[in-house]
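Scroll down for the structure; my scribbles are underneath it.
Protein chains: 2
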Amino acid sequence: MTSRHFRSSCPIAVVVLLLALFIPSLTAASSGKCRLVRSLRDEIASYRPVVERVLSYVQDKNGYKGRTWAALSEFTDTFGSRLAGTSNLENSIDYMMNSLRAKNLDNVHGERVMFTGWQRRKENAALVKPRFKNLAMLGLGGSVSTAPEGIRAEVVVVTSFDDLSNKSSQVSGKIVVYNQPYVSYSETVVYRSMGASEASKYGAVATLIRSITPFSLNSPHAGHQSYSDGVKKIPTACITVEDAELLNRMYNRGTKLEIFLKMDSKFFTNATSRNTVAEIKGKTDPDKIVLVSGHLDSWDVGQGAMDDGGGAFISWNSLVVLKNLGLRPKRSIRCLLWTAEEEGYIGAYAYLKGHKSELEKFNLVIESDEGTFQPYGIEFHGSETSACIMVEVAKLFDSINATTMQSSKDNVGSDIEVFENINIPGLSLLNKNEKYFWYHHTEADTMAVEDPDSLDLNTAMFAVISYIIADLSVELPKS
Amino acid sequence: MTSRHFRSSCPIAVVVLLLALFIPSLTAASSGKCRLVRSLRDEIASYRPVVERVLSYVQDKNGYKGRTWAALSEFTDTFGSRLAGTSNLENSIDYMMNSLRAKNLDNVHGERVMFTGWQRRKENAALVKPRFKNLAMLGLGGSVSTAPEGIRAEVVVVTSFDDLSNKSSQVSGKIVVYNQPYVSYSETVVYRSMGASEASKYGAVATLIRSITPFSLNSPHAGHQSYSDGVKKIPTACITVEDAELLNRMYNRGTKLEIFLKMDSKFFTNATSRNTVAEIKGKTDPDKIVLVSGHLDSWDVGQGAMDDGGGAFISWNSLVVLKNLGLRPKRSIRCLLWTAEEEGYIGAYAYLKGHKSELEKFNLVIESDEGTFQPYGIEFHGSETSACIMVEVAKLFDSINATTMQSSKDNVGSDIEVFENINIPGLSLLNKNEKYFWYHHTEADTMAVEDPDSLDLNTAMFAVISYIIADLSVELPKS
Numbered sequence: 001m002t003s004r005h006f007r008s009s010c011p012i013a014v015v016v017l018l019l020a021l022f023i024p025s026l027t028a029a030s031s032g033k034c035r036l037v038r039s040l041r042d043e044i045a046s047y048r049p050v051v052e053r054v055l056s057y058v059q060d061k062n063g064y065k066g067r068t069w070a071a072l073s074e075f076t077d078t079f080g081s082r083l084a085g086t087s088n089l090e091n092s093i094d095y096m097m098n099s100l101r102a103k104n105l106d107n108v109h110g111e112r113v114m115f116t117g118w119q120r121r122k123e124n125a126a127l128v129k130p131r132f133k134n135l136a137m138l139g140l141g142g143s144v145s146t147a148p149e150g151i152r153a154e155v156v157v158v159t160s161f162d163d164l165s166n167k168s169s170q171v172s173g174k175i176v177v178y179n180q181p182y183v184s185y186s187e188t189v190v191y192r193s194m195g196a197s198e199a200s201k202y203g204a205v206a207t208l209i210r211s212i213t214p215f216s217l218n219s220p221h222a223g224h225q226s227y228s229d230g231v232k233k234i235p236t237a238c239i240t241v242e243d244a245e246l247l248n249r250m251y252n253r254g255t256k257l258e259i260f261l262k263m264d265s266k267f268f269t270n271a272t273s274r275n276t277v278a279e280i281k282g283k284t285d286p287d288k289i290v291l292v293s294g295h296l297d298s299w300d301v302g303q304g305a306m307d308d309g310g311g312a313f314i315s316w317n318s319l320v321v322l323k324n325l326g327l328r329p330k331r332s333i334r335c336l337l338w339t340a341e342e343e344g345y346i347g348a349y350a351y352l353k354g355h356k357s358e359l360e361k362f363n364l365v366i367e368s369d370e371g372t373f374q375p376y377g378i379e380f381h382g383s384e385t386s387a388c389i390m391v392e393v394a395k396l397f398d399s400i401n402a403t404t405m406q407s408s409k410d411n412v413g414s415d416i417e418v419f420e421n422i423n424i425p426g427l428s429l430l431n432k433n434e435k436y437f438w439y440h441h442t443e444a445d446t447m448a449v450e451d452p453d454s455l456d457l458n459t460a461m462f463a464v465i466s467y468i469i470a471d472l473s474v475e476l477p478k479s
Numbered sequence: 001m002t003s004r005h006f007r008s009s010c011p012i013a014v015v016v017l018l019l020a021l022f023i024p025s026l027t028a029a030s031s032g033k034c035r036l037v038r039s040l041r042d043e044i045a046s047y048r049p050v051v052e053r054v055l056s057y058v059q060d061k062n063g064y065k066g067r068t069w070a071a072l073s074e075f076t077d078t079f080g081s082r083l084a085g086t087s088n089l090e091n092s093i094d095y096m097m098n099s100l101r102a103k104n105l106d107n108v109h110g111e112r113v114m115f116t117g118w119q120r121r122k123e124n125a126a127l128v129k130p131r132f133k134n135l136a137m138l139g140l141g142g143s144v145s146t147a148p149e150g151i152r153a154e155v156v157v158v159t160s161f162d163d164l165s166n167k168s169s170q171v172s173g174k175i176v177v178y179n180q181p182y183v184s185y186s187e188t189v190v191y192r193s194m195g196a197s198e199a200s201k202y203g204a205v206a207t208l209i210r211s212i213t214p215f216s217l218n219s220p221h222a223g224h225q226s227y228s229d230g231v232k233k234i235p236t237a238c239i240t241v242e243d244a245e246l247l248n249r250m251y252n253r254g255t256k257l258e259i260f261l262k263m264d265s266k267f268f269t270n271a272t273s274r275n276t277v278a279e280i281k282g283k284t285d286p287d288k289i290v291l292v293s294g295h296l297d298s299w300d301v302g303q304g305a306m307d308d309g310g311g312a313f314i315s316w317n318s319l320v321v322l323k324n325l326g327l328r329p330k331r332s333i334r335c336l337l338w339t340a341e342e343e344g345y346i347g348a349y350a351y352l353k354g355h356k357s358e359l360e361k362f363n364l365v366i367e368s369d370e371g372t373f374q375p376y377g378i379e380f381h382g383s384e385t386s387a388c389i390m391v392e393v394a395k396l397f398d399s400i401n402a403t404t405m406q407s408s409k410d411n412v413g414s415d416i417e418v419f420e421n422i423n424i425p426g427l428s429l430l431n432k433n434e435k436y437f438w439y440h441h442t443e444a445d446t447m448a449v450e451d452p453d454s455l456d457l458n459t460a461m462f463a464v465i466s467y468i469i470a471d472l473s474v475e476l477p478k479s
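Note that the protein sequences, when read in sequence, are chains E and Y. Residue numbers 1 to 479, in UniProt numbering, belong to the letters of the first sequence in order. Residue numbers 1 to 479, in UniProt numbering, belong to the letters of the second sequence in order.
The following block contains the structure:
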C-alpha cells in the first residue's frame, strides 16, 4: 500500500522518498536532519483539521471533556486494586468488556492468559532491638514466605552490591537491609529485583530493600522480584526510605540491630486472566494494525489509578473519541488492555505467542504506562525514517504545546517491549511525570494523582496519533 | 536598666529614644517607618562580630557544623516518638537532662507537670459496602473508644459545616465523613478539632475527618481534638485525603456506603511529665530572662524529628554554641524543652502557673515549632518599638539571606502563646516550611525531613538573637 500510493500519483517523489528512506544521514531524526519528501510532510500536515476536531471535542464541556477521568474514577472506585489472579481483576475485566461493547467498539472480546500467580497474605516487620519500631513494609511479588513463626535475626546494612560483597563474611544467618541511594528507577530497581538472590549467596536469611523512589512519606513500594537459579530462595520485602536510613544510621554507630520478619504469601499455578481487546476496524486494510494499549491489572496496594488505570483508559477512550467523531482510518486501530503486566508482561507475551501470524501486519505499538500527566510530546522507538514521520505528527500538537518528538534507541513501553524486540515500532507519550515514582506501586496510587484535563489531552493524542498512522498512505518503515 | 545606660552616656539621645519609643507613628515596623535612635541602631550593629563568630562556628567542619543534626538524629533514632504520658518520653527527658549537664549548661533540671493522658490502642476502619477497602486512619487525641465490637453504620459525606447543617436530617445513626478542602492549617484544622462535636449534635455515631494537609501519599495525620460541652462524645479519627475524596465521589454517585470502625484508647489521670530546663546565667542581670524553646514531646506516629525535635534541638544547641564560644550575655538565656505540647500546651501552662512571680522579668519568649528548614528571617509579635529593634537584629543575618523581619499582630508560637497572651514579646524564625504540613503528625515526621545545614543556621540564629536581646543595653519595650 505504501509505495503504490506514491507510484501512481508522483513517481519522482517516490524516488526521492525511497532515497530518503534508505539513506540514514538524510533521515536521522535525532540529529534534526529529517528529509522527508514534501508530499509526505504535506500529507501529515493535512490531518490538522482532524487534530483540531479531536482536541476541540475533548476540551468541550458538551463534548468529551472530563469523560476519561469520570470513567476512570468510577472504575477504580468500584474495583480498587486489581492484582493478576484475583477475582477482582476478572470482575473488572467483565465490567470493561461491557463498557467497550456499550461504546459500540468493534470486535470486543477477551483472550485467555494462563500463569502462576502470587498473592500476599499476612506480613509484618519490626525492629526489635535496641528498641521496638514497626517497619512499614510490602513483601515483594514472587517472594517466598518466612517460617510460620517468623524470623528474628541480626541485621547487616549495606548501601550497594559492592558494599554487600565487602561485608560478605558478616552476612550468614543475618537479615540484609539494603539502603542503596536512588539514582533513577531503571538503575536502582536492580536492588529490588536481585537483592534477595545476591544476599542469599552469602547466607542471608532474608532481605529488606529500601523502596525504589526519589520521595517518600514513609511509603513502602511494592514490586516484582525473581530469584536467580541455584541460590536459596529467601523472603524479601521493601521497607521505606526513612526506615532504611534509620537502620543505616544506627548500624553505622555500631548499634547491634535485630529485626523480626513474618511473611506469608501464596503461589497458585494455573491462574487465568484475560487480555481485553476492542477495535475500530479499518476501512480498506482492516488486517493492518495500529495497537494502542495500557494494562488493566495493578499491584495489590493503592487503586491502580495511575499504574496503569490512566494508560488503559486513555487507550480505550481514544477509540471511543474516534468512533464518536466518525473517524475511521484505512487500517485498524486495536486497543489492548493487557493483563498481568506487573508479574512480567505475562499478558503481552501470551498475546505475542497467540498472534504470531499477524505480527508482520502490526504497523505501530503504542502504550501508556509511565503516567498520564500533562503530555508534551512523543517518545518513539523505530527506524530513522519512521521517527521523521513522527516528528511531523508531533508538530500537529502545537496548540497544546506537545510538539516534542524524542527518538529513543531503547524500548519505550513495558508490555509493548515484547513487540519492539521484534522490530515493530513503539510509541509512548512524553508527559510531565517527574513525580511518577512518588506514587508507583504504593497506597498513594489513587485518583488524586490523575488530572481530568491532562487525561483529556492524553486521550486526544492517542486518538490522533493512532488515527494518522492507521490512515496515512505509507506504513511506518521498519528499517 | 534600659534607660540608665542611655541616661549616663547620652542624655540627648535618650530623649530622642524615648520619643521614638512612645510615638507609634515613628516606630511602626510594619509600615517601614522605624525611627530607632542612631545609638541603639549602632549598638545592635556592633554585635556583627558576634554574628560572624557564631555563623563561622556552625559552618566550620572543625567547629559545630552538623552537630545539631547529629545530636537530633541520635536522639530520635534512640527514642522515636514521644507521646506525653509514656515512659518513652520520660526516658528521653532523662537522656536530655544528662546531655545538657554534659554540655556544662547552668541550672539543668526538670519541672514536674501533671495532666490527664490519652493513649491509642488498637484501631482500624474499613469501607465494607459496596466493597471492602481498608481505610488508613489515626484516632484523634482525646477521642473516646467505640464499643468493643466496633461500629458498622451507613455514611453521610459532607464537605463543610454548612453542608453538614444542610444534611442534618440524614445524620442520625450514621458515620459522618468530612471531606473539607484544605485552605490553610489554621483555617481547616477546625474540622479536626470540632468535627466530632458538630456531627454529634445531629446524632452521628462517629466521625472520620479528612487529614489536615495540602499533600498526601495516602497518609493519615494525627492531632488533638476536644469535645464541646453538652454533646455526646463520639469516636473520631482522621482518614486520608485520598480516601475522603473516594468516599465523597461514591456518595455523590448515590452509592450506599457502610463503614466499620473500631477504636480503643485509654485515658489515664495523674500522668506526670517534666519540662526540661537549662540556662546560661546572665553576667549582670541573671534574673532577667530571654527564653528559647521547643517541645520535646511528639505525637505517637513518626519520630518527632520535625515536630518538634528540630525546634527543641536548635534551642538547646544555641545555648551550647554560646557556651562553647564563651559568649555570656548580661541577662540570662533560659532554654525550655516543653512537655505535653501536643495535648494543648500543658507543659507551658504549668510553667506559666509555676513561674508567675518572675514573668515580669521575661524579656522575650522564643520558640521554634513550625519547622527548622532553611531560615530566612524573624517573625515577631510585640510592641512596634520592639519590632523596630528586631528589624535591626535581622539585618545582621545578611550573609545567610535571612534579613526578613515580619511583624505579626498574632501570636507567633505554640507553647509561647501562653506568655504572648500576657504581653511578653514572642519570636519565631521564618523558614522555608512550605511542606511542613506534608509531614506534620504523620509517620513521615522523620530525620529525612531535617537538613544538617539548615539546622546549623537555625541554631546560629537562635544563639545570636537570644544573645543580643539578653545583652543589649535596653530591654525590649512591651508597649
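Where a beta carbon is used, it is the ideal one built from N, C-alpha and C, also for glycine.
(1) Measuring straight from C-alpha to C-alpha, what distance separates lysine 133 of chain E and glycine 80 of chain Y?
(2) Is the CB of tryptophan 299 of chain Y under 8 Å away from at least one CB in chain E?
(3) I'd like the ranges of any alpha helix (DSSP H) spanning at least 4 consecutive residues and lying wholly in the region 172-240 of chain Y.
(4) Could you tell me which uninterrupted alpha helix (DSSP H) segments, each at least 4 residues in length, are contained entirely in the region 237-286 of chain Y, listed from first to last along the chain?
(5) Measure the Cβ-Cβ separation of leucine 83 of chain E and glutamine 59 of chain E and say whether it is below 8 Å.
(6) Between serine 46 of chain E and the ligand FMN, is the CB less than 7 Å from at least one heavy atom?
(7) For a cutoff of 8 Å on Cβ pairs, would you count asparagine 218 of chain Y as touching chain E?
(8) From this set, E:Leu72, E:Asn423, E:Glu43 and E:Ala126, which residue's C-alpha is nearest leucine 208 of chain E's C-alpha?
(9) Provide the residue(s) that pair with cysteine 335 of chain E in DSSP beta bridges, ordered along the chain.
(10) Suppose you measure from the CA of alanine 463 of chain E to the CA of arginine 35 of chain E; what does that come to, to the nearest Å?
(11) Classify lysine 288 of chain E: buried if its beta carbon has 16 or more other beta carbons within 10 angstroms, exposed otherwise.
(12) At a Cβ cut of 7 Å, what residues of the region 232-250 of chain Y count as close to chain E, listed as they run along the chain?
(13) Within 10 Å of its beta-carbon, does residue 488 of chain Y have 16 or more other beta-carbons around it, so buried, or fewer, so exposed?
(14) Closest to tryptophan 316 of chain E by C-alpha separation, out of E:Arg249, E:Leu105 and E:Ser56, would be which residue?
(15) Would you kindly work out how many angstroms separate the C-alpha atoms of glutamate 475 of chain Y and valine 177 of chain Y, rounded to a whole number?
(16) So, isoleucine 175 of chain E versus arginine 192 of chain E, is the Cβ gap smaller than 8 Å?
(17) Taking tyrosine 57 of chain E and leucine 325 of chain E to be in contact with their CB atoms under 8 Å, please state how far apart those CB atoms are, rounded to whole angstroms.
(18) Assuming valine 290 of chain Y contacts serine 466 of chain Y (C-beta within less than 8 Å), just tell me the rounded distance between them.
(19) How would you list, in chain order, the residues of chain Y whose beta-carbon sits under 8 Å from the beta-carbon of arginine 131 of chain E?
(20) With DSSP collapsed to three states, give me the class of aspartate 60 of chain E.
(21) Let me make sure I understand the geometry here. Which of E:Ser73, E:Ile259, E:Val171 and E:Leu55 has the alpha-carbon closest to that of leucine 247 of chain Y?
(22) Is tryptophan 69 of chain E close to chain Y? Criterion is C-beta to C-beta, closer than 8 Å.
(23) Are the C-beta of alanine 125 of chain E and some C-beta of chain Y separated by less than 8 Å?
(24) I'd like to confirm the pairing. Which residues does DSSP put opposite asparagine 124 of chain E in its beta bridges?
(25) Which residue comes first and which comes last in the alpha helix (DSSP H) that contains threonine 404 of chain E?
(26) Using a Cβ-Cβ cut-off of 7 Å (strictly less than) and excluding sequence neighbours within five positions of glutamate 450 of chain Y, which residues of its own chain qualify?
(27) Can you pull the chain E neighbours of residue 483 of chain Y, defined as C-beta to C-beta under 8 Å?
(28) Compute the beta-carbon to beta-carbon distance between residue 493 of chain Y and glycine 354 of chain Y, rounded to the nearest angstrom, for a pair I have assumed lies under 8 Å.
(29) Pull up the distance between the alpha-carbon of valine 16 of chain Y and that of alanine 348 of chain Y, whole angstroms please.
(30) Do isoleucine 328 of chain Y and isoleucine 280 of chain Y have their C-beta atoms within less than 8 Å of each other?
(31) When DSSP labels each residue in this structure, what does isoleucine 346 of chain Y get in the three-state scheme?
(32) Tyrosine 47 of chain Y by DSSP, collapsed to three states: which one?
(33) Would you tell me roughly how many angstroms separate the C-alpha atoms of leucine 257 of chain Y and lysine 409 of chain E, rounded to the nearest one?
(34) Look up lysine 65 of chain Y in the DSSP assignment and say whether it is helix, strand or coil.
(35) Please classify threonine 459 of chain Y: is it buried, with 16 or more other beta-carbons within 10 angstroms of its beta-carbon, or exposed?
(36) Can you tell me whether arginine 152 of chain E is helix, strand or coil according to DSSP?
On the basis of the supplied data:
(1) 8 Å
(2) no
(3) 185-188 and 190-200
(4) 241-252
(5) no
(6) Because no ligand of any kind appears in the structure shown, any question about the ligand FMN cannot be addressed here.
(7) yes
(8) E:Ala126
(9) E:Ala278 and E:Val292
(10) 26 Å
(11) buried
(12) Val241, Glu242, Glu245, Leu246, Arg249 and Met250
(13) This structure cannot settle anything about residue 488 of chain Y, because the visible part of chain Y is limited to 1 through 479.
(14) E:Leu105
(15) 51 Å
(16) no
(17) 6 Å
(18) 5 Å
(19) Thr78, Phe79 and Gly80
(20) coil
(21) E:Ser73
(22) no
(23) no
(24) E:Lys262
(25) Careful: threonine 404 of chain E lies outside any alpha helix (DSSP H), inside the beta strand (DSSP E) at 404-407.
(26) Trp69, Leu72, Ala305, Met306, Gly310 and Thr372
(27) With chain Y represented from 1 up to 479, any question about residue 483 of chain Y goes unanswered, as that position is not in the structure.
(28) Any answer about residue 493 of chain Y is impossible in this case: the structure gives chain Y only from 1 up to 479.
(29) Summary for valine 16 of chain Y: the model assigns pLDDT 42, below 50, so the residue's position carries little reliability; its value from the coordinates is reported in the next sentence. If I take the Cα positions, the gap works out to 38 Å.
(30) According to the sequence provided, residue 328 of chain Y is arginine. The question's isoleucine does not apply to it. Going by C-beta atoms, arginine 328 of chain Y is nearer than 8 Å to isoleucine 280 of chain Y.
(31) helix
(32) coil
(33) 50 Å
(34) coil
(35) buried
(36) strand
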